[in-house]
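Each remark here refers to the structure printed beneath this line.
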Amino acid sequence: MKAIIVEPGKPGTARLGEVPEPDASQGTLLVEAVAVGVCGTDVEIVEGKYGWAPKGDDHLVLGHESLGRVIDPGPSGGFKKGDLVVGIVRRPDPVPCPNCAVGEWDMCRNGLYTERGIKEIHGFMSERWRIEPEYAIKVDPSLGLLGVLLEPTTVVAKAWEHIAYIGRRSYWEPENVLITGAGPIGLLAALIASMHGLKVHVLDRMVSGPKVNLVRALGATYHSGKVTDIGFEPDLIMECTGVGQVIADSIHQLGANGILCLAGIGHGSTARMAEMTDLASAAVLRNNVIVGSVNANKRHWFKAGQHLARADRSWLSKLITRVVAPQDFLSALQRQPDDIKVVIQFSAL
Ligand code: BGC
3 MKAIIVEPGK
13 PGTARLGEVP
23 EPDASQGTLL
33 VEAVAVGVCG
43 TDVEIVEGKY
53 GWAPKGDDHL
63 VLGHESLGRV
73 IDPGPSGGFK
83 KGDLVVGIVR
93 RPDPVPCPNC
103 AVGEWDMCRN
113 GLYTERGIKE
123 IHGFMSERWR
133 IEPEYAIKVD
143 PSLGLLGVLL
153 EPTTVVAKAW
163 EHIAYIGRRS
173 YWEPENVLIT
183 GAGPIGLLAA
193 LIASMHGLKV
203 HVLDRMVSGP
213 KVNLVRALGA
223 TYHSGKVTDI
233 GFEPDLIMEC
243 TGVGQVIADS
253 IHQLGANGIL
263 CLAGIGHGST
273 ARMAEMTDLA
283 SAAVLRNNVI
293 VGSVNANKRH
303 WFKAGQHLAR
313 ADRSWLSKLI
323 TRVVAPQDFL
333 SALQRQPDDI
343 KVVIQFSAL
């Protein structure tokens with residue numbers, strides 16, 4: 003069967019190749035791929051900066067934002083042929099660490115977790131894939147292709163849960179939130195924040211186009227300048243750019259007792275020790291919490307499914323700005339200015 007594969011660590015090796023049918027060791031549920039979303043992590047893997055092949059293999063099947071249709075439910079009771087499913091990305095480490103032992107693989111302590119399409123397990127960019135029934139999530143059939151947005155929504159659902167826990171450390175009734183970065187994660191964060199009744203502000207570089215329209219369609223305020231020019235002190239900032247300057251400005255702009263949740267992953271920084279000291283002082287003097295958040299466990303996958311099921315379909319559908327065929331996967335990885343979520347479609351719904 004056809005699959006989009008890459009040799010991790012070697013830029014320029016991504017290709018649409020032939021691979022064997024999925025191995026039964028990957029799970030009893032056999033699924034036909036419908037679509038797979040592309041994100042910055044995939045781009046990094048293709049550029050040779052991230053990603054690990056399964057032990058003993060020289061290549062990795064790419065893709066962790068899945069959507070598929072069950073072709074053979076196997077012996078598992080909970081699924082039937084034709085069900086739309088999405089695969090959980092991370093698997094617990096084999097030790098397991100205390101967090102993985104209790105099902106919190108998103109909080110793995112020892113880094114020995116594996117991730118489909120990213121770290122040591124083949125991903126979902128193949129015509130067919132297998133999965134363990136306990137790691138397959140049924141998608142509301144009325145979502146159709148929009149089910150491919152479930153994985154990025156889980157990342158926001160987890161961050162949101164952690165913010166709520168942290169907020170309980172003292173009296174805290176957040177009124178407003180600033181989201182930096184209007185990519186898929188930022189826009190899904192804006193959606194969930196508006197569902198929670200917060201005044202939502204989103205900041206990005208674009209001055210017009212689909213991102214601006216999507217923010218305004220939520221009743222939220224769009225900003226295109228610097229974080230330090232927004233004119234208010236947010237109770238909560240969800241940082242989705244991973245850009246050093248945006249992070250530093252966010253720490254300075256955050257209101258007293260506020261939470262800065264870092265969800266973007268960037269590389270390189272020019273921050274010097276003196277700047278770090280100023281940033282730390284700003285956080286200390288205002289009781290700020292800076293928290294990183296990655297991945298999601300089954301509770302967050304369930305919650306994300308609820309969020310998507312409640313969301314306006316027409317708004318969600320505008321997040322998918324391009325759908326390409328598997329043979330054109332390289333174009334999917336090249337970001338266009340108005341791209342939000344680009345999806346590779348393997349079969350019709
Ligand atoms: C994925 C996460 C994963 C992270 C780090 C992100 O793109 O959405 O599931 O944990 O990359 O590998």
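Numbering (our numbering), first residue to last: 3 to 351. A virtual CB, placed ideally from N, CA and C, is assigned to each residue, including glycine.
When secondary structure is reduced to three states using DSSP, residue 178 falls in the strand class. Taken in chain order, the unbroken stretches of beta strand (DSSP E) that lie wholly in the segment 13-78 and span 3 residues or more are 17-20, 31-40, 67-74. Using a Cβ-Cβ distance cut-off of 8 angstroms, the segment 126-144 and the segment 9-26 are in contact, since at least three pairs of beta carbons, one from each stretch, lie closer than that value. Cβ atoms of residue 179 and residue 236 come within 8 angstroms of each other, at about 6 angstroms. In its chain, beyond the 5 residues on either side, 139 have a beta carbon closer than 8 angstroms to the beta carbon of residue 304. Looking at 346, 351, 350, the one whose alpha-carbon comes closest to that of residue 126 is 346. Contact annotation: residue 69 and residue 37 have beta-carbon atoms nearer than 8 angstroms. The segment 102-118 and the segment 284-304 touch, with three or more beta-carbon pairs separated by less than 8 angstroms.
For residue 43, the shortest separation between its Cβ and any heavy atom of ligand 1 lies below 7 angstroms. The beta-bridge partner set that DSSP reports for residue 131 consists of 33. Secondary structure note for residue 223: its beta strand (DSSP E) is the uninterrupted segment 223-225. In terms of side-chain proximity, the C-beta atom of residue 164 is found no nearer than 7 angstroms to any non-hydrogen atom of ligand 1. According to the DSSP assignment, residue 145 belongs to no beta strand (DSSP E), since it is labelled neither H nor E. Note on geometry: alpha-carbon atoms of residue 204 and residue 265 lie some 14 angstroms from one another.
Checking the 7 angstroms criterion, the Cβ of residue 6 is out of range of every heavy atom belonging to ligand 1. Sorting 220, 295, 31, 13 by C-alpha distance to the C-alpha of residue 80 places 31 at the top. Secondary structure of residue 258 (DSSP, three-state): coil. Going by DSSP, residue 274 is part of no alpha helix (DSSP H) at all; its letter is neither H nor E. Taking the Cα of residue 219 as reference, the smallest distance to any Cα among 193, 155, 228, 7 is reached at 193. For residue 297, the shortest separation between its Cβ and any heavy atom of ligand 1 lies below 7 angstroms. Of all alpha-carbon atoms in 113, 91, 202, 83, the one lying nearest the alpha-carbon of residue 97 is that of 113. Per the Cβ contact rule, the segment 277-287 is in contact with the segment 239-256 (3 or more Cβ pairs under 8 angstroms). Residue pairing from DSSP places residue 139 in a beta bridge opposite 88. Taking non-hydrogen atoms of ligand 1 into account, the C-beta of residue 117 is found less than 7 angstroms away from one of them.
Between the segment 307-325 and the segment 284-291 there are fewer than three inter-stretch CB-CB distances shorter than 8 angstroms, so the stretches are not counted as touching. For residue 222, the CB contacts under 7 angstroms within the same chain, skipping 5 residues up- and downstream, are 192, 196, 202, 203, 204 in chain order. At least one heavy atom of ligand 1 lies closer than 7 angstroms to the C-beta of residue 157. In this structure, ligand 1 has no non-hydrogen atom nearer than 7 angstroms to the beta-carbon of residue 123. Under the 10 Å beta carbon count, residue 137 is surrounded by 16 or more other beta carbons and is classified as buried.
Annotation for residue 323: the continuous beta strand (DSSP E) segment containing it runs 322-326. A distance below 6 angstroms between beta-carbons, with the five flanking residues on each side excluded, links residue 153 to the following residues of its chain, in chain order: 67.
If you draw a straight line from the Cα of residue 269 to the Cα of residue 78, it comes to about 43 angstroms. By the neighbour-count definition (other C-beta atoms within 10 Å, threshold 16), residue 57 is an exposed residue.
Residue 120 has its CB nearer than 7 angstroms to a heavy atom of ligand 1.
The beta carbons of residue 217 and residue 182 sit about 12 angstroms from each other, so the pair does not count as a contact at 8 angstroms. When the Cα atoms are used, residue 46 and residue 8 turn out to be separated by approximately 11 angstroms.
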